[in-house]
Amino acid sequence: MHLTTVTRTQGNNQALKDGSVTPRGFSLDFREVPVLVHAFRRMVRELEFDVCEMAFTTYLCAKAHGKRFTALPIFLVRGFHHGAVVHHPAAGIRTPTDLEGRRVGVNRGYTVTTGVWARGILSDECGVDLDRVTWVLSGDEHVAEYRPPVNVVPMRPGGSLQTSVATGELAAAIGVEASPPLVPLIPEAEEAAFAALRQRGLYPINHLVVVKDELLAAHPGLAVALVDAFAEAKRRYVEKLRADAIEAPTPTDRMYQRVMEITGEDPLPYGVAPNRAMIEQLISHALRQRILDRAPAVTDLFPESTHDLTA
């Protein structure tokens with residue numbers, strides 16, 4: 007059976023994209039979507055694909071609004087977001103709490119996963135009262151039915167987040183490149199992120215994989231077959247990371263190697279059990295930031311056949 011599939015080509019998916027790993031009984035018919043977030047939107051709004059990579063908070067929001075797909079515990083992308091908040095050093099923001107009472111830009115929608123994790127860091131580590139910040143969006147939400155809280159507003163038409171921060175119209179922005187004159191609000195952001203990993207196990211999940219519910223119902227073995235295939239592709243990638251055998255390592259490859267050095271573990275664990283703490287933390291952020299009205303049970307987010315799988 008051929009499954010229309012979207013996933014970004016990256017180390018842990020390379021063996022799937024080149025066909026050297028395939029799921030038992032199924033064939034992945036890959037569709038290339040140059041701007042990956044456009045695939046998220048098309049999946050949420052049109053159920054366009056059979057299998058699709060998706061940002062985790064987009065999935066949480068979509069599931070809360072009854073979208074007919076379910077995630078597999080395949081966590082394709084992880085990252086650190088201490089450097090995601092940028093500001094102009096001349097704008098008078100000396101500490102993160104100075105953002106209170108000010109306007110802060112957010113790239114695209116309020117439910118963007120990077121924004122959720124970054125606001126969580128501002129709240130948990132820096133003591134920022136998120137309700138006292140006006141969040142200014144440069145785009146809209148993938149889940150059209152979602153309504154943000156009252157302190158979330160759209161950007162003026164034709165505006166640019168980077169320009170608005172540089173001119174002082176916005177105090178800071180999330181998800182904007184830190185290029186001059188803009189710099190990360192949290193100093194030494196990379197080291198701060200690795201310190202958070204060491205001290206409190208903060209290792210954010212960004213993307214997972216979703217599958218149409220009708221296919222999961224019609225093919226009881228599909229979920230496990232997909233998890234097994236993605237896991238095998240990931241295993242081959244992690245072996246290369248451990249052996250430092252990647253020819254031209256990317257910053258992402260180097261980040262995962264650093265995670266291995268710090269934790270001594272697989273930097274891309276799949277399965278519910280090894281990721282439960284981060285899943286629950288993201289749900290907690292989504293609740294506090296009023297993206298979710300209630301907390302779903304972690305096990306309700308994934309097919310029952312995958313609950314005990316780890317890789």
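For the sequence shown, position 48 matches number 54 in this note's numbering, and the numbering has no gaps at all. Cβ atoms here follow ideal geometry from the backbone N, Cα and C, with glycine treated the same way.
query                                                                                                                                                                                                     : result
Based on DSSP bridge pairs, tell me the residues matched to His-71.                                                                                                                                       : Beta-bridge pairing links His-71 to no other residue.
Please report the straight-line C-alpha distance between Met-7 and Phe-32, rounded to a whole angstrom.                                                                                                   : 5 Å
Should Gln-295 go down as buried or exposed, given a rule of 16 or more other Cβ atoms within 10 Å for buried?                                                                                            : buried
Go ahead and pull the three-state DSSP assignment for Asn-212.                                                                                                                                            : strand
How many Å lie between Leu-66 and Ile-289 at the Cα?                                                                                                                                                      : 8 Å
Mind checking who Val-12 pairs with in its DSSP beta bridge?                                                                                                                                              : Cys-58
If you run the structure through DSSP and keep just helix, strand and coil, what is Phe-81?                                                                                                               : strand
For Leu-232, which residues in the same chain have their Cβ closer than 8 Å to its Cβ, ignoring the five residues on either side in sequence?                                                             : Pro-29, Phe-32, Val-57, Leu-78, Ile-80, Val-215 and Val-217
What would DSSP say about Pro-102, mapped onto helix, strand or coil?                                                                                                                                     : helix
Decide if Gln-168 is buried, meaning its Cβ has at least 16 other Cβ atoms within 10 Å, or exposed.                                                                                                       : buried
Between the Cα of Val-244 and those of Leu-228, Thr-63 and Val-265, spot the shortest distance and give me the residue it belongs to.                                                                     : Val-265
By a C-beta neighbour count over all protein chains shown, 10 Å radius and 16 as the cutoff for buried, is Gly-133 buried or exposed?                                                                     : exposed
Once DSSP output is grouped into helix, strand and coil, what is the label at Pro-257?                                                                                                                    : helix
What is the C-beta distance between Leu-22 and Ala-239, in whole angstroms, given that I count them as a contact (C-beta under 8 Å)?                                                                      : 5 Å
Within 10 angstroms of its Cβ, does Ser-185 collect 16 or more other Cβ (buried), or is it exposed?                                                                                                       : exposed
Tell me which same chain residues have a C-beta within less than 6 Å of the C-beta of Tyr-273, skipping the five on either side of it?                                                                    : Inspection of the sequence shows that residue 273 is occupied by Pro rather than by Tyr. Tyr-262, Val-265 and Met-266.
Using DSSP with H/G/I as helix, E/B as strand and the rest coil, what is Asp-306?                                                                                                                         : helix
What do you get for Thr-312, buried or exposed, if any count of 16 or more other CB atoms within 10 angstroms of its CB means buried?                                                                     : buried
Whether or not the segment 296 to 311 and the segment 252 to 261 are in contact is what I'm after, with contact meaning three or more pairs of Cβ atoms, one per stretch, closer than 8 Å; do they touch? : no
At what residue ranges does the segment 172 to 217 contain a whole run of the beta strand (DSSP E), taking only runs of 3 or more?                                                                        : 178 to 180
Where Asp-146 and Arg-114 are concerned, what is the direct C-alpha to C-alpha distance, given to the nearest angstrom?                                                                                   : 6 Å
Ser-26 lies in the alpha helix (DSSP H); which residues open and close that run?                                                                                                                          : It is not in any alpha helix (DSSP H) - Ser-26 carries neither H nor E in the DSSP assignment.
Helix, strand or coil, according to DSSP, for Arg-30 in the structure here?                                                                                                                               : coil
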